[in-house]
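At position 383 of the sequence shown the residue is numbered 383 (our numbering), and the sequence of numbers has no breaks.
All C-beta atoms, glycine included, are put in the ideal place defined by N, C-alpha and C.
Computed from a predicted model, the values in this text were never measured in an experiment.
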Amino acid sequence: MAGPGWAPPRLDEFILTERLGAGTYATVYKAYRKGDTREVVAIKCVSKRSLNRASVENLLTEIEILKTIRHPHIVELKDFQWDSDHIYLIMEFCAGGDLSRFIRMRRILPEKVARIFLQQLACALKFLHDHNISHLDLKPQNILLSTPENPQLKLADFGFAQHMSPWDEKHVLRGSPLYMAPEMVCRQQYDARVDLWSVGVILYEALFGRPPFASRSFAELEEKIRSDRAVELPSRPLLSAECRDLLGQLLERDPLKRISFERFFAHPFVDMEHVPGPESLCKATNLVVEAVKKDQEGDASTALSLYCKALEYFVPALHYESDARRKEAIRAKVGQYISRAEELKALVTSSNKSLLQKENPARELLKEMAKDKPRLCAALEMASAAIAKEEEGRDDRDTLELYQQSLGELLLLLADPDPDGPSRVPERSDKDAGGAVHGQGGAGGARPEHLYLAVMPGSQPAGCCSPPWRCRAKRCRRGGGRMSLLSQPLWGTGCVRHWCHEVLAVLGRG
């Protein structure tokens with residue numbers, strides 16, 4: 001609020017209250033429109049006495065550009081007026097402050113939050129780029145936030161902005177040095193790509209809490225900017241590969257090697273297709289309509305795919321929606337679609353498993369034979385689940401553990417063929433076992449260590465000359481030092497898969 005001796009200018013249509021900020025030749029106030037509406041606005045008051053030729057040019061440029069553009073992520077110029085002492089720009093009021101303050105209060109932003117802001121900034125830049133406008137002074141202080149909660153980013157302060165074609169080049173020094181591209185600081189020719197460097201600096205500051213060239217003096221800053229060394233990214237916090245890739249391409253010192261606007265807008269981390277906006281809900285709804293249609297036709301696989309694609313648009317739609325009741329209604333619908341997608345996923349997985357079982361009649365017969373043996377049934381179910389996961393491409397630790405548990409149980413059952421009662425799996429002769437058990441009467445009396453050699457003579461995985469727990473090949477030890485049910489080191493999925501299939505094959509042949 002104003003202190004003693006402070007008095008804002010007077011305007012007939014507005015009541016000016018607190019001062020929001022001040023610059024070289026302008027002061028910004030919060031104000032209310034007189035009358036019933038009580039509309040809240042921000043008024044930029046420019047003292048005519050403080051204007052020189054350059055500042056007049058900047059002011060006229062800002063008015064000219066803001067009068068002609070309307071975009072949800074660019075601060076709106078509602079009107080402008082003047083009197084004998086001041087020029088007034090009546091602007092959209094942004095209650096969330098600026099991005100610099102937002103970052104400072106949180107120290108660093110999570111990648112997810114930084115990405116949402118980047119997407120909104122990219123939308124504003126795309127709009128400007130399509131109109132051949134370059135901002136030339138991008139920095140967190142010139143990026144405003146609509147509200148304190150769930151803010152929308154608003155690009156402001158177009159005093160240095162220029163109408164620039166892609167081939168236009170300038171020599172004039174403009175903008176804030178901390179966020180300026182090296183070619184501007186070095187007073188070389190520059191073009192619209194300087195805005196992309198500034199975007200990289202802003203993203204860097206949001207993620208790491210400080211700009212890449214933070215310095216105590218302008219001389220130190222200039223030295224860092226003029227250096228030929230590549231900009232290094234801190235190892236912490238951990239960031240996605242896509243985020244690091246984009247940062248590296250934005251903070252390229254050589255403007256000719258720097259990412260282009262086209263590649264920036266198409267970059268997977270920016271992901272312009274799923275930016276929160278008014279069209280997000282429409283796209284999600286259209287996909288859901290198609291999903292329901294395919295669902296009714298019995299095409300579960302296509303319906304599942306469409307539901308999943310729709311959910312990718314519902315997430316930004318929820319981010320964009322500001323009305324609490326509408327947001328809750330969308331959230332409820334999304335919950336229903338997620339439930340249906342889970343049902344379809346189970347159905348599709350079940351269908352795949354059925355197809356898999358039809359292709360393995362020996363295993364189906366084995367399950368029928370093992371109906372009265374709960375332990376054997378459980379082991380076979382685990383093996384089938386592991387194989388189904390593998391068929392889906394989920395060759396991960398869970399798959400590996402399922403293989404292990406199944407294999408351990410099957411081997412123990414082979415070693416002790418009567419854990420649940422009389423065995424339906426007949427003993428195999430020495431001849432069947434290739435003589436490996438040397439007259440031990442089949443698998444019945446063999447210890448688990450010998451069972452591998454007994455039931456799978458000469459069938460070790462390529463590169464393995466011993467059972468998995470003795471194998472030292474890298475691909476057989478991907479699981480680290482965990483212990484299996486056989487109290488042996490965990491081995492790789494490929495190795496376990498091979499032995500498990502062989503055990504199932506032997507049991508099936510039995």
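Beta carbon of residue i nearer than 8 Å to that of residue j
| i | j | result |
| --- | --- | --- |
| R253 | P182 | yes |
| A379 | E409 | yes |
| L144 | H73 | no |
| E242 | P276 | no |
| L306 | E328 | no |
| L250 | L203 | yes |
| I63 | G209 | no |
| H518 | P9 | With the chain running from 1 to 510 in the structure shown, residue 518 is simply not present. |
| F261 | L196 | yes |
| L136 | G200 | no |
| A114 | M272 | no |
| I133 | L89 | no |
| L400 | A385 | no |
| L138 | S55 | no |
| A317 | A341 | no |
| A300 | L347 | yes |
| H131 | I69 | yes |
| L155 | A124 | yes |
Assigned secondary structure, residue i (DSSP; H/G/I helix, E/B strand, else coil)
| i | result |
| --- | --- |
| Y88 | strand |
| N58 | helix |
| E252 | coil |
| E297 | coil |
| Q152 | coil |
| L11 | coil |
| S134 | strand |
| I259 | coil |
| S280 | helix |
| Q81 | strand |
| K373 | coil |
| I225 | helix |
| L239 | coil |
| L69 | Checking the sequence, you will find Ile at residue 69 rather than Leu. Here I69 sits in coil by DSSP. |
Bounding residues of the beta strand (DSSP E) (the contiguous stretch that carries residue i)
| i | result |
| --- | --- |
| R19 | F14 to A22 |
| V40 | V40 to S47 |
| T27 | A26 to R33 |
| L144 | I143 to L145 |
Beta-carbon contacts of residue i that lie in its chain and below 7 Å, excluding the five residues immediately before and after
| i | result |
| --- | --- |
| D12 | none |
| K294 | T302, A303 and L306 |
| Y337 | V288, Y307, A310 and L311 |
| S215 | L221 and K224 |
Extent of the continuous alpha helix (DSSP H) to which residue i belongs
| i | result |
| --- | --- |
| V275 | Per DSSP, V275 belongs to no alpha helix (DSSP H) and is neither H nor E. |
| A206 | V194 to F208 |
| S100 | L99 to R106 |
| R216 | Run containing R216: none; DSSP gives neither H nor E here. |
| V185 | P182 to V185 |
Residue from the options with nearest C-alpha to residue i
| i | options | result |
| --- | --- | --- |
| A206 | E297, A26, S217 and Y179 | Y179 |
| L20 | V315, L155, R326 and Q141 | Q141 |
| V231 | R104, I90 and F213 | F213 |
| H274 | V46, L99, K78 and Q119 | Q119 |
| L281 | V270, C308, Y313 and V292 | Y313 |
| S84 | S47, F117 and L99 | S47 |
| I225 | L256, R187, A192 and P237 | R187 |
| P177 | E149, V292, F218 and P110 | F218 |
| R49 | T24, K67 and K34 | T24 |
Cβ neighbours of residue i in the same chain (closer than 8 Å, five flanking residues each side left out)
| i | result |
| --- | --- |
| Y32 | F14, I15, T17, R38, E39, V40 and V41 |
| A22 | V28 |
| I259 | L196, L246, Q249, L250, E252 and H267 |
| D228 | R253 |
| I116 | P276 and H319 |
| K345 | L304 |
Nonlocal neighbours in the same chain, by C-beta distance under 6 Å from residue i, ignoring five residues either side
| i | result |
| --- | --- |
| E92 | V75 and E76 |
| M522 | In the structure as shown, the chain begins at 1 and stops at 510. Residue 522 is therefore absent and cannot be evaluated. |
| F127 | H71 |
| H319 | P276 |
| F265 | K126 and M272 |
| P234 | F208 |
| T147 | A95 and G96 |
| M382 | L402, Q405 and S406 |
Near the ligand ZN: residue i beta-carbon under 7 Å from a heavy atom
| i | result |
| --- | --- |
| K373 | Only the bare structure without any ligand can be found here, which leaves the ligand ZN out of the picture. |
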